[in-house]
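In the working numbering, the protein residues as written are 10 to 509.
All residues carry an ideal CB built from backbone N, CA and C; glycine is no exception.
Worksheet: the structure to be examined is printed underneath.
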Amino acid sequence: MIRLLLLLALTFGLASSASADDIAATGRGVVRVVTIAVVDDQVVGFGHGSGFAIAPNRIVTNAHVVDLAERYPDNVVVGIVPTEGSKSYQGKVIAYDSQRDLALIEFTGARLPPSALYTGPMTEGDAVVSLGFPGNVDLATARSAADYIRPMTPVRSEGVLSGRRVLSGVEVLLHTASIARGNSGGPLLDRCGRVIGVNSAITRGEEGDSTFGFAIADTELAGFLHDAKQPYASIGTGCTSIEDRLRQDADADARATADAASAKRDAATQDAMTREVALEKARTEASRSRENVMALAGLLLVAGALVIGSAGLLESRGQRRQAIWAVSIGGLSVLVAIIVFVLRPSGEVDVPLSALPKTRISTPDAALGKLMCTLIPERSRITISSSEDVPIDWGAKGCVNGKTQYVAANGRWDRVLVPDAEQTVSVLSFDPATRVYSNTRYLMSAAGMEAARTARGVVPNVCNMDDAALGRLAGQQAAVRAVLPPLPNEKLVYSCKSAR
Numbered sequence: 010m011i012r013l014l015l016l017l018a019l020t021f022g023l024a025s026s027a028s029a030d031d032i033a034a035t036g037r038g039v040v041r042v043v044t045i046a047v048v049d050d051q052v053v054g055f056g057h058g059s060g061f062a063i064a065p066n067r068i069v070t071n072a073h074v075v076d077l078a079e080r081y082p083d084n085v086v087v088g089i090v091p092t093e094g095s096k097s098y099q100g101k102v103i104a105y106d107s108q109r110d111l112a113l114i115e116f117t118g119a120r121l122p123p124s125a126l127y128t129g130p131m132t133e134g135d136a137v138v139s140l141g142f143p144g145n146v147d148l149a150t151a152r153s154a155a156d157y158i159r160p161m162t163p164v165r166s167e168g169v170l171s172g173r174r175v176l177s178g179v180e181v182l183l184h185t186a187s188i189a190r191g192n193s194g195g196p197l198l199d200r201c202g203r204v205i206g207v208n209s210a211i212t213r214g215e216e217g218d219s220t221f222g223f224a225i226a227d228t229e230l231a232g233f234l235h236d237a238k239q240p241y242a243s244i245g246t247g248c249t250s251i252e253d254r255l256r257q258d259a260d261a262d263a264r265a266t267a268d269a270a271s272a273k274r275d276a277a278t279q280d281a282m283t284r285e286v287a288l289e290k291a292r293t294e295a296s297r298s299r300e301n302v303m304a305l306a307g308l309l310l311v312a313g314a315l316v317i318g319s320a321g322l323l324e325s326r327g328q329r330r331q332a333i334w335a336v337s338i339g340g341l342s343v344l345v346a347i348i349v350f351v352l353r354p355s356g357e358v359d360v361p362l363s364a365l366p367k368t369r370i371s372t373p374d375a376a377l378g379k380l381m382c383t384l385i386p387e388r389s390r391i392t393i394s395s396s397e398d399v400p401i402d403w404g405a406k407g408c409v410n411g412k413t414q415y416v417a418a419n420g421r422w423d424r425v426l427v428p429d430a431e432q433t434v435s436v437l438s439f440d441p442a443t444r445v446y447s448n449t450r451y452l453m454s455a456a457g458m459e460a461a462r463t464a465r466g467v468v469p470n471v472c473n474m475d476d477a478a479l480g481r482l483a484g485q486q487a488a489v490r491a492v493l494p495p496l497p498n499e500k501l502v503y504s505c506k507s508a509r
């Protein structure tokens, strides 16, 4: 009976909208947490709250949402209802902290996109957003109990951070985003979709008083996850709009390209100067060699003439034999002088390119070997990704790590990755001239990922493709780009250096 009640979640539900903003991206990891209490096969209690994925199969919520499951684990079933898809899943409480009012639930059967904690500074007046499933909205719209276990998008409300308070020794955030019963355990976000707190309670508005919400602060959440030995993603960089970051990065990219082109021109000029010096040295040596040969020919000619002239003197003295030898030697000397003169070097330089200094400019398709790429924070926008260094092995003709083929485009190499197990499309790019590596990430809805996978088709995970295969890969990448949202959610830009 219990299982049948819970598995009502197998009914088809609504898919979340395919908006490309950061809040919607985080919303795809927000869930409804349902508790069903059963005694003697009879339902005696039903409750629900909200939660969010901190890992693909683990959910953070309030302790009071799953209090009955913690106290009566044999009689209370915990259900996890994602915002997308057509199924719900049974969960199990694996960590519980009544003091902090936080709990951790594990479930199997699906992988949700995890949220990231924002660990940077927040000031009073900063914009905040609440996501969850407020009960008053459910009461107004639900037609049956099945609506509570049918996947649907969370309700979004906006407000400002009003301050930090300490309640019963626990740090909380006071805010004006509208929440109600049912929002408990849902995330309080900054405007970039990073978690800054866990909604827990509201003040009562009486006689016209304003209503405020309380959220368990990020510091308490981080402590709870640490105690539960649960890894989580954390981001400390401030929130910048993707439009501003793309514009700033385009400017920085243009400057880097211009600097690389200038460095390339300087290197080419230096190479030309080096070559000219080498050629001038060769010309000087050729001219000196020509002059030396001509001088030798002159000396041989003069020596031969003198020897021939001495033959007459020897003849007059009756030394005919010696005179003949003198004429022979002198004639030979003159002949050698003529031959040397005729065969003298031209003085022109014909130096093969292999003998000149090599250029220092690497070709765009050359292998660079193992590189370690370090994030450039001022050029990046991160909402959920890690900021750790990224190692790559850049092979010849755009072959990365020996198995992933990139496609040449406008002096760069690009590759669009559409994974099968994640809801993220990554557009990777590498510029060999500047050694700048970038990862532009789109956090997609389930429907958007299905469209991207269909457009991608089957891509062989090999390098050294022939022209036909490269053409097909380029076409597949263009097809994927065509179904992506107008703007990405993240752009991570790295500077790469030799790993050696």
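How would you write the range of the beta strand (DSSP E) that residue i sits in, first residue to last?
i      : result
Ala375 : Segment: none, Ala375 is in no beta strand (DSSP E) and carries neither H nor E.
Ile188 : Per DSSP, Ile188 belongs to no beta strand (DSSP E) and is neither H nor E.
Glu229 : Per DSSP, Glu229 belongs to no beta strand (DSSP E); it is in the alpha helix (DSSP H), Asp227 to Asp236.
Ala417 : Val416 to Ala418
Ala112 : Leu111 to Phe116
Ile32  : Not the beta strand (DSSP E): Ile32 falls in the alpha helix (DSSP H), residues Asp31 to Gly36.
Ala104 : Tyr98 to Asp106
Ser171 : Val164 to Leu176
Asn208 : Val204 to Ile211
Leu121 : Per DSSP, Leu121 belongs to no beta strand (DSSP E) and is neither H nor E.
Tyr127 : Ala125 to Tyr127
Asp423 : Arg421 to Leu426
Ala136 : Ala136 to Gly141
Cys505 : Glu499 to Ser507
Using CA atoms only, rank isn't needed, just tell me which of the options is closest to residue i.
i      : options                           : result
Cys201 : Pro497, Ala508 and Arg465         : Pro497
Val53  : Ile45, Pro91 and Ser59            : Ile45
Met131 : Gly245, Leu230 and Gly56          : Gly245
Gly56  : Asn71, Asn301 and Asn66           : Asn71
Val86  : Gly339, Gln51, Ala304 and Phe61   : Gln51
Ser177 : Ser187, Val207 and Ile225         : Ile225
Arg80  : Ala64, Tyr98 and Asp106           : Asp106
Ala460 : Ala488, Thr249, Gln239 and Pro495 : Ala488
Phe61  : Asp258, Glu252 and Val204         : Val204
Leu518 : Val416, Ile391, Gln485 and Asp440 : With the chain covering 10 to 509 only, the question about residue 518 has no answer from this structure.
Glu431 : Val90, Cys248, Arg462 and Thr162  : Arg462
His235 : Leu113, Ser454, Glu133 and Glu285 : Leu113
Arg41  : Ala33, Arg256 and Ser59           : Ser59
Asn84  : Lys101, Val90 and Lys96           : Lys101
Leu308 : Asp227, Asp280, Leu344 and Val436 : Leu344
Ala376 : Pro82, Ala295, Ser298 and Tyr415  : Tyr415
Asp429 : Met453, Val409 and Arg284         : Met453
Val179 : Asp227, Arg329 and Arg424         : Asp227
Ala483 : Leu230, Asp258, Arg424 and Ser435 : Arg424
Pro400 : Asp258, Ala508 and Ala231         : Ala508
Should residue i be flagged as near chain D, meaning a C-beta pair shorter than 8 angstroms?
i      : result
Gly457 : Note that chain D does not occur in the displayed structure, where there is just one protein chain.
Could you check where the alpha helix (DSSP H) with residue i kicks off and where it finishes?
i      : result
Arg490 : Asp476 to Val492
Asp83  : No alpha helix (DSSP H) holds Asp83; DSSP gives it neither H nor E.
Ala455 : Ala455 to Arg465
Gln51  : Unbroken run through Gln51 is the beta strand (DSSP E), Gln51 to Ala64; no alpha helix (DSSP H).
Phe350 : Arg329 to Val351
Gly404 : From DSSP, Gly404 is part of no alpha helix (DSSP H); its letter is neither H nor E.
Going by the beta-carbon positions, is the gap between residue i and residue j smaller than 8 angstroms?
i      : j      : result
Asp110 : Ser209 : yes
Pro160 : Thr212 : no
Val43  : Gly94  : no
Met282 : Arg353 : no
Val181 : Phe233 : no
Trp422 : Gly407 : yes
Val207 : Val69  : yes
Ala104 : Ala237 : yes
Ile466 : Gln486 : One point to set straight first is that residue 466 is Gly, not Ile, in the sequence displayed. No; because the gap between Cβ atoms is not below 8 angstroms, this pair is not in contact.
Ala491 : Ala456 : no
Gly378 : Asp402 : yes
Asn470 : Thr413 : yes
With residue i and residue j assumed to form a contact (beta carbons below 8 angstroms), what rounded beta-carbon distance in angstroms separates them?
i      : j      : result
Glu115 : Arg67  : 5 angstroms
Gly420 : Ala405 : 16 angstroms between Cβ atoms; not a contact.
Gly144 : Ala186 : Between Ala186 and Gly144 the Cβ distance is about 16 angstroms, and since that is not below 8 angstroms, they are no contact.
Leu323 : Ala335 : 6 angstroms
Tyr98  : Gly129 : In fact, because the Cβ distance is near 33 angstroms, the residues do not count as touching under 8 angstroms.
Tyr503 : Leu384 : 6 angstroms
Glu499 : Ile391 : 6 angstroms
Phe350 : Ala306 : 4 angstroms
Val175 : Val146 : That pair is no contact at about 31 angstroms.
Ala64  : Gln239 : 7 angstroms
The stretch 183-203 in contact with the stretch 129-140 per 3-pair CB rule at 8 angstroms: The stretch 183-203 is in contact with the stretch 129-140.
Contact the stretch 443-455 vs the stretch 470-489: 3+ CB pairs below 8 angstroms: Contact between the stretch 443-455 and the stretch 470-489 is not established, with fewer than three Cβ pairs separated by less than 8 angstroms.
Segment contact, 8 angstroms Cβ cut-off, at least three pairs: the stretch 159-176 with the stretch 115-126: no
Sufficient close CB pairs (3 or more, under 8 angstroms) joining the stretch 334-353 to the stretch 301-321: Yes: the two stretches touch, three or more of their Cβ pairs being nearer than 8 angstroms.
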